[in-house]
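When we follow the working numbering, the leftmost residue of the sequence shown carries the number 2, and every step to the right adds one. Beta carbons: idealized from backbone N, C-alpha and C, even for Gly. Below is one structure, written out as structure tokens; comments come after it.
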Amino acid sequence: MARIVQYERIGGPEVLELVEAPNPVAGPGAVVVAIRAAGVNPIEWKVRSGLRPSPPFDGPRRLGSDGSGVIVAVGPGVVGWSVDDRVIVSGATGTYASALAVSPDALDPLPDGLGFEEAAALGIPASTAYQAVISLGVAEGSSFLVHAGAGAVGRAAIQFAVDRGARVIATASPANHEVLRGLGAVPVAYGPGLLERLRAAAPEGVDRVLDAAGTDEALEASLALVADPQHIGTVVVGARAAELGIRAWMGGSPVPLTEEEQRLRREGVPLAARLASEGRFSVEIGPRLPLEQAAEAHRLSEDGHVRGKIVLVP
């Protein structure tokens, strides 16, 4: 039997339950992956709690879009994948589980030298960050500001930008400044006086901004630093983007991703995996919890003060 985490009503972390279900079968055009690790993303507790709207319930819902594991069955019509292949799963539904039937479209090869937990942590952060960096036009010689640089999306964005030759400034609490320096960014503390500190850190100005914080001070400072609001992108306050004149790719944005943006998101995970296997991209793993503690994982994620990526290990 497989073990899966599901919920049947909107509510707090306590609505999550671990249940047993028949082992998934590799139907036509699908493979079954034995999940070794699943990444926990903030969007999951937001949907579970009702903070992010979702369709009416028509049965139990499963959680988790990111994970990693080993293929244990290959269905008819699947080419390019074999049993025992190590894989990264992203953009799926139900990775909070011991096994999952999934389309090969959700898979990328897991390179040698990259662990299951690190691979499971890539998913949403890597795909979101890469698409934002490219869509904003961050390039060699750019001066790039990242708000909430110590978060999963912020860390990924810093590393993609540094790899492209940009100069990166990133906001975070002082406790995380050494981490940001290690990633190649100039750290700046958020809080009162942010704009003045940013101007001191980037006297030549800022070309592009990625907001992963969503605070008023981050948005106000960004608009004061950058002449063209379209050179500012947010992944957390999409509903306000139109009024501010900035670009948005998450958080309730009324504008869906373009085909090009969707393509970039699919490119982000395998690129991050390759860079990580070469020692050029790092992922910090935080709490490691068994499936039985999925509710605790959501409590930690919702609290927002955990350092590193929360992963569930079946």
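Nearest-angstrom Cα separation, counted from residue j out to residue i
i    : j    : result
R209 : V270 : 22 Å
Q263 : F117 : 25 Å
S83  : S104 : 13 Å
Y97  : G194 : 42 Å
V312 : S128 : 17 Å
L17  : G287 : 21 Å
L265 : Y131 : 7 Å
V20  : L101 : 14 Å
A243 : V256 : 9 Å
L199 : V26  : 54 Å
V41  : A158 : 18 Å
V32  : S91  : 14 Å
Proximal residues to residue i (C-beta, below 8 Å), its chain only, five neighbours per side dropped
i    : result
D164 : L276, R281 and F282
D113 : S278
Residue environment, residue i, which counts as buried when at least 16 other CB atoms sit within 10 Å
i    : result
F58  : exposed
M251 : buried
G205 : First, the amino acid is wrong: residue 205 is Glu here, not Gly. Label assigned to E205: exposed.
V207 : buried
H306 : exposed
T172 : buried
E179 : exposed
P23  : exposed
T94  : exposed
E15  : exposed
E45  : buried
Cut-off 6 Å between Cβ atoms - residues of its own chain near residue i, not counting five sequence neighbours on either side
i    : result
A214 : H148 and A149
G81  : none
V48  : S55
Option in the options with minimal Cα separation from residue i
i    : options                   : result
G13  : S302, N177, V314 and P315 : S302
G152 : N177, V169 and A27        : N177
R87  : G78, E119, P77 and S66    : E119
Subject >> Three or more C-beta pairs below 8 Å linking the region 4-23 and the region 52-66 >> reply: yes
**OP:** Flag this pair as touching only if the region 287-295 and the region 157-175 have three or more C-beta atom pairs under 8 Å; answer yes or no.
**Re:** no
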